[in-house]
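K.L.:
I'd like to ask some things about the structure below.
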Amino acid sequence: MIFIIVPKLLRKQFNGMALWPFVLLREEGLKNDTRFLNHERIHFKQQRELLVIFFYCWYGLEYLVRLIQYRNRFTAYRNISFEREAYSNEKDLHYLQGRALWSFLRYI
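Structural data, given as structure tokens:
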């Protein structure tokens with residue numbers, strides 16, 4: 014992971030973002046947050062599975078569908094399948110070792 018500290022680029026409710034091969038961080042201390050880093054590693058795995066560009070296309074399209082469905086930006090974001098998988102498993106530091114291919118599909 015290549016870390017870039019960009020406190021003003023991220024919205025208030027977001028501490029970071031995985032943009033292959035970078036992790037954008039709100040603050041330096043997040044480099045040591047194992048739960049946060051595991052969340053971003055899960056996104057990297059998802060991005061590799063979808064050859065990066067298809068991940069971003071799917072992510073954007075699913076966000077729009079969820080936005081229509083929930084009519085709330087934050088709720089739409091939290092219900093994207095990629096985010097649901099990452100948030101559900103970010104505490105399990107061994108999750109990626111046994112993660113099956115395309116596991117995010119279970120969270121649609």
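Residue 14 is where the sequence shown starts when you use this note's numbering, and the numbers rise one by one after that.
Think of the CB as a built atom: it goes at the ideal place given N, C-alpha and C, for glycine as much as any other residue.
Can you tell me whether V36 is buried or exposed, with buried defined as 16 or more other CB within 10 angstroms of its CB?
P.N.:
Within the sequence shown, the letter at position 23 stands for residue 36. The residue is buried, with at least 16 neighbouring Cβ atoms inside 10 Å.
K.L.:
So, are the CB atoms of Y76 and A89 less than 8 Å apart?
P.N.:
Residue mapping note: residue 76 aligns to position 63 of the sequence shown, counting from 1. Residue mapping note: residue 89 aligns to position 76 of the sequence shown, counting from 1. Taking 8 Å as the Cβ cut-off, Y76 and A89 qualify as a contacting pair.
K.L.:
Apart from the five residues just before and just after K58, which ones in its own chain have a Cβ nearer than 7 Å to its Cβ?
P.N.:
The sequence position of residue 58 within the sequence shown is 45, counting from 1. For K58, where only same-chain residues beyond five positions count, the Cβ hits under 7 Å are L109 and R112.
K.L.:
I'd like to check one pair, R48 with L23: are the Cβ atoms closer than 8 Å?
P.N.:
The residue you call residue 23 lines up with position 10 of the sequence shown. The residue you call residue 48 lines up with position 35 of the sequence shown. Contact: no.
K.L.:
Out of I66, R84, F68 and L50, which has the shortest C-alpha to C-alpha gap to E103?
P.N.:
Within the sequence shown, numbered from 1, the residue matching residue 103 stands at position 90. For E103, the nearest C-alpha among the options comes from L50.
K.L.:
Is the CB-CB distance between I93 and R84 below 8 Å?
P.N.:
As a working mapping, residue 93 is identified with position 80 in the sequence shown. As a working mapping, residue 84 is identified with position 71 in the sequence shown. Not a contact, by the Cβ cut-off of 8 Å.
K.L.:
Mind reading off the beta-carbon distance from K44 to F68? Whole number of angstroms is fine, and I expect it under 8 Å.
P.N.:
Reading the sequence shown from its first residue, position 31 is the one you call residue 44. Reading the sequence shown from its first residue, position 55 is the one you call residue 68. So it is not a contact: roughly 23 Å between Cβ atoms.
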